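Q:
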Amino acid sequence: MTDALRDQFVSLHNFRRGLLAKGEIAKNTGNLLPKSSNMLKMKYDCTLEQGAIQWASQCGNAGSSEGSRQGVGENFKRFPATNFPAFADAAKKAVTEWWKVVRKVPGIGMAATFRQHHVGTPIESFTQMGWALTGKLGCSIVKCSSDYVGVCRYSPKGNNVGQSVYQVGNVCSACPRGATCNQNEALCVA
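This is the structure:
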C-alpha cells in the first residue's frame, strides 16, 4: 500500500459519507435517505490495514469470519482485473461496488436502523461504509492472478443488529462529544 492509495481509500469513503450525511443518497426506491446528524469523518489506520492485507493476500473468494477480527468490520470484493490497469482504479471499483448496492437492494429505511434481516445481505457493505460512529479504516488491494481482491476493515465495526446506522437529523447537530463539524464535508471531525 502506498500513501496515495491510503489517501484515496479514505477520501472515497469520506466523500460518500458526506453525501449520506447531507441526505443526497438515493435508495432503491429512488427516495433519498434522511440526513445524518452524527457522521464521523474517517481516519486511516495502518493496524487495520495490516489485517486487510493479510486477508486480501490469501486471494480467497469471500470475506473473513467475524470471529477472526473481533470488534472490526470488513468489506470484501473480488473482481476481474480487466479494465482496471492500476491499483488506484481497482480501489475505486471496490469502494464503488460496496456503496452502490444501496440503489439496488432493499435497504435500511427512513429510520436508518440495521435489522436482523439485513445480516448476510448485500446492503451490509453500504451500511458498514456509512456506519456513523465508525471512525477508522484500513484497506488493501491485491492482484491475484487475473483478479483483484479489495478488503477494507473498520473500527469500531458497524452492522450491529438493532442499532442505527446513523442518527437521523440535521447535519452535525449531534456530533459525538469532542468532535467539531466540518460544514463543507458535512462530517463530524474527532
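Going from the sequence shown to the numbering used here is simple: count from 1 and add 8. We put the beta carbon where it would ideally sit given N, CA and C, even for glycine. Note that the structure is predicted; figures quoted are calculated from it, not measured.
#1: Would you identify the three-state DSSP class for A34, choosing helix, strand or coil?
#2: Return the chain-ordered ranges of every alpha helix (DSSP H) run that is complete within the stretch 58-131 and spans a minimum of 4 residues.
#3: Sorted by chain position, which residues of the same chain lie with C-beta nearer than 8 Å to N178's C-beta, five sequence neighbours on each side aside?
#4: Going by beta carbon distance, what residues of the same chain come within less than 7 Å of C195, once the five residues before and after it are set aside?
#5: Measure the Cβ-Cβ separation of S172 and A102 and say whether it is below 9 Å.
#6: Under 8 Å Cβ to Cβ from G79, same chain only, skipping five residues before and after it: list those, please.
#7: Counting only beta-carbon atoms, is A194 nearer than 9 Å to chain C?
#8: Since C152 sits in a beta bridge, which residues does DSSP pair it with?
#9: Between Y156 and A89, is the Cβ-Cβ spacing less than 9 Å?
#10: Does the contact criterion of 3 or more C-beta pairs under 8 Å hold for the stretch 125-134 versus the stretch 57-66?
#11: Using CA atoms only, rank isn't needed, just tell me which of K51, R86, Q66 and C180 is closest to N192.
#12: Between L13, K85 and Q66, which has its C-alpha nearest D53's C-alpha?
#13: Determine the burial state of E82: buried for a count of at least 16 other Cβ atoms within 10 Å of its Cβ, exposed for fewer.
A: Put simply:
#1: strand
#2: 95-108
#3: K43 and S45
#4: The question names Cys, but residue 195 in the sequence shown is Leu. Answer for L195: N22, R25, G26, A29, M47, L48 and K49, listed in chain order.
#5: no
#6: S163, P164 and K165
#7: In the structure shown, chain C does not exist; there is a single protein chain.
#8: D155
#9: yes
#10: no
#11: C180
#12: L13
#13: buried
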